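J.: Before I ask anything, let me first share the structure, which is written out below as C-alpha coordinates.
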Amino acid sequence: MDVEESKLTELEKDLVEGLDGFLGDLKADVDIPAKYTCRRVVLDLQPRAYTAEEVKATRALLQISQALFAQFLGVSPKTVHAWERGNPPSDIACRFMDEIQRDPDYWRRRLSQVAEVRTSA
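If you number the sequence shown the way this note's numbering does, the last residue is 132 and the count never jumps.
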(Lines of atoms letter the chains of each structure in order from A and count residues from 1; the text may use other names and numbers.)
(Lines give C-alpha, C1' and ligand atoms only; values in the text may rest on other atoms or scores of the structure.)
Protein backbone atom coordinates (compact mmCIF):
# COMPACT_ATOMS: atom_id res chain seq x y z
CA MET A 1 0.00 0.00 0.00
CA ASP A 2 1.49 3.33 -1.03
CA VAL A 3 1.19 6.64 0.82
CA GLU A 4 -1.91 7.69 -1.16
CA GLU A 5 -3.73 4.45 -0.33
CA SER A 6 -2.92 4.81 3.38
CA LYS A 7 -4.90 8.09 3.43
CA LEU A 8 -8.10 6.36 2.25
CA THR A 9 -10.98 5.67 4.62
CA GLU A 10 -12.17 2.09 5.05
CA LEU A 11 -15.11 2.75 2.71
CA GLU A 12 -12.81 4.18 0.07
CA LYS A 13 -10.49 1.18 0.43
CA ASP A 14 -13.47 -1.17 -0.04
CA LEU A 15 -14.53 0.74 -3.15
CA VAL A 16 -11.03 0.66 -4.65
CA GLU A 17 -10.76 -3.06 -3.91
CA GLY A 18 -14.14 -3.71 -5.51
CA LEU A 19 -13.26 -1.69 -8.58
CA ASP A 20 -9.91 -3.50 -8.87
CA GLY A 21 -11.80 -6.80 -8.78
CA PHE A 22 -14.26 -5.58 -11.40
CA LEU A 23 -11.42 -4.40 -13.63
CA GLY A 24 -9.77 -7.80 -13.27
CA ASP A 25 -13.03 -9.51 -14.26
CA LEU A 26 -13.34 -7.24 -17.31
CA LYS A 27 -9.78 -8.08 -18.37
CA ALA A 28 -10.42 -11.80 -17.78
CA ASP A 29 -13.56 -11.61 -19.98
CA VAL A 30 -15.79 -12.78 -17.13
CA ASP A 31 -19.54 -12.89 -17.89
CA ILE A 32 -20.33 -9.62 -16.06
CA PRO A 33 -24.16 -9.97 -15.94
CA ALA A 34 -23.77 -13.48 -14.55
CA LYS A 35 -21.47 -12.34 -11.74
CA TYR A 36 -22.77 -8.84 -10.96
CA THR A 37 -26.18 -7.34 -10.50
CA CYS A 38 -26.84 -5.33 -13.66
CA ARG A 39 -29.86 -3.12 -14.17
CA ARG A 40 -31.08 -1.06 -17.06
CA VAL A 41 -33.34 1.82 -16.13
CA VAL A 42 -35.91 2.88 -18.70
CA LEU A 43 -38.26 5.80 -18.17
CA ASP A 44 -41.80 5.59 -19.50
CA LEU A 45 -42.20 9.27 -20.34
CA GLN A 46 -44.03 9.21 -23.65
CA PRO A 47 -46.45 12.14 -23.36
CA ARG A 48 -50.08 11.45 -24.02
CA ALA A 49 -52.07 13.64 -26.36
CA TYR A 50 -54.32 16.21 -24.68
CA THR A 51 -57.72 17.24 -25.95
CA ALA A 52 -59.07 20.75 -25.39
CA GLU A 53 -61.16 19.45 -22.49
CA GLU A 54 -58.14 17.74 -20.90
CA VAL A 55 -56.07 20.93 -21.12
CA LYS A 56 -58.90 22.82 -19.38
CA ALA A 57 -59.19 20.08 -16.75
CA THR A 58 -55.45 20.19 -16.08
CA ARG A 59 -55.55 23.95 -15.67
CA ALA A 60 -58.59 23.56 -13.39
CA LEU A 61 -56.58 21.19 -11.17
CA LEU A 62 -54.24 24.11 -10.48
CA GLN A 63 -57.14 26.53 -10.07
CA ILE A 64 -55.49 29.23 -12.19
CA SER A 65 -56.36 31.40 -15.15
CA GLN A 66 -55.23 30.81 -18.72
CA ALA A 67 -52.72 33.64 -18.34
CA LEU A 68 -51.12 32.15 -15.21
CA PHE A 69 -51.17 28.65 -16.70
CA ALA A 70 -49.41 30.02 -19.77
CA GLN A 71 -46.79 31.75 -17.65
CA PHE A 72 -46.31 28.58 -15.58
CA LEU A 73 -45.77 26.47 -18.72
CA GLY A 74 -43.62 29.09 -20.44
CA VAL A 75 -45.98 29.76 -23.34
CA SER A 76 -48.19 32.66 -24.34
CA PRO A 77 -51.79 33.03 -23.16
CA LYS A 78 -52.81 32.82 -26.83
CA THR A 79 -51.20 29.37 -26.97
CA VAL A 80 -53.17 28.09 -23.97
CA HIS A 81 -56.32 29.61 -25.47
CA ALA A 82 -55.61 27.76 -28.73
CA TRP A 83 -55.07 24.47 -26.88
CA GLU A 84 -58.38 24.92 -25.11
CA ARG A 85 -60.00 25.51 -28.51
CA GLY A 86 -58.64 22.28 -29.97
CA ASN A 87 -55.08 22.95 -31.18
CA PRO A 88 -52.87 20.13 -29.90
CA PRO A 89 -50.23 21.10 -27.31
CA SER A 90 -46.55 20.36 -27.98
CA ASP A 91 -45.01 17.16 -26.59
CA ILE A 92 -43.12 19.08 -23.90
CA ALA A 93 -46.31 20.83 -22.76
CA CYS A 94 -48.07 17.46 -22.68
CA ARG A 95 -45.24 16.00 -20.57
CA PHE A 96 -45.58 18.88 -18.12
CA MET A 97 -49.35 18.40 -17.98
CA ASP A 98 -48.79 14.67 -17.38
CA GLU A 99 -46.74 15.61 -14.31
CA ILE A 100 -49.44 18.02 -13.12
CA GLN A 101 -52.03 15.27 -13.54
CA ARG A 102 -49.89 12.83 -11.52
CA ASP A 103 -49.51 15.15 -8.52
CA PRO A 104 -51.63 18.30 -8.68
CA ASP A 105 -51.16 19.03 -4.95
CA TYR A 106 -47.41 19.29 -5.45
CA TRP A 107 -47.80 21.70 -8.38
CA ARG A 108 -50.36 23.83 -6.50
CA ARG A 109 -47.83 24.13 -3.67
CA ARG A 110 -45.10 25.06 -6.17
CA LEU A 111 -47.33 27.74 -7.64
CA SER A 112 -48.07 29.18 -4.21
CA GLN A 113 -44.33 29.29 -3.48
CA VAL A 114 -43.58 31.40 -6.55
CA ALA A 115 -46.74 33.51 -6.60
CA GLU A 116 -46.50 37.23 -5.87
CA VAL A 117 -49.64 39.16 -5.14
CA ARG A 118 -49.41 42.64 -6.59
CA THR A 119 -51.90 45.37 -5.97
CA SER A 120 -52.50 48.05 -8.53
CA ALA A 121 -51.86 51.57 -7.35
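Quick reminder that beta carbons are idealized off the backbone N, C-alpha and C, glycines included. Because the structure is a prediction, the values reported are computed rather than measured.
Measuring only the C-alpha atoms, how far is Arg-106 from Pro-58?
T.: Cα to Cα, the separation comes out at about 5 angstroms.
J.: Quick one: grab the DSSP three-state call for Thr-90.
T.: Reduced to three states, the DSSP call for Thr-90 is helix.
J.: According to DSSP, is Val-66 helix, strand or coil?
T.: Val-66: helix per DSSP, three-state reduction.
J.: Would you mind reading off the limits of the alpha helix (DSSP H) that contains Arg-106?
T.: From DSSP, the alpha helix (DSSP H) with Arg-106 extends over 102-113.
J.: Give a yes or no on whether the C-beta atoms belonging to Leu-84 and Ala-104 are separated by under 8 angstroms.
T.: Yes. Within cutoff.
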